[in-house]
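First the structure, in the form of structure tokens, and then the observations on it.
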């Protein structure tokens, strides 16, 4: 009986460690640190973000590029934006991340 119980416990531990966490990654264009209610601002109501911050993990020392194109290229490829010349905004012309990199 103890062998069966031990095997059941090991199976349960293996199953529990195989379950992956749920991760929600939010990147919002043109959103400043002081634009969210959980940072102490009372002028702008952000109840959804406030609840996420209260029940999740808030990363406060991470920064993005000044425009969305470089940030999105980094997220999609996991590489530095300078690799593709996307350290500035894409304003015209056929520029972007090569299709074999995404």
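Residue numbers (my numbering): 134 to 235. The beta-carbon is built from N, C-alpha and C at its ideal position, and this holds for glycine as well.
| When we look at the beta-carbon of residue 205 and count the other beta-carbons within 10 Å, is it buried (16 or more) or exposed? | buried
| For the alpha helix (DSSP H) that residue 208 lies in, which residues bound it at each end? | 201-210
| field | DSSP three-state assignment for residue 232, whether helix, strand or coil | value | helix
| field | DSSP-derived helix/strand/coil call for residue 180 | value | helix
| field | Alpha carbon of residue 186 to alpha carbon of residue 175, nearest angstrom | value | 16 Å
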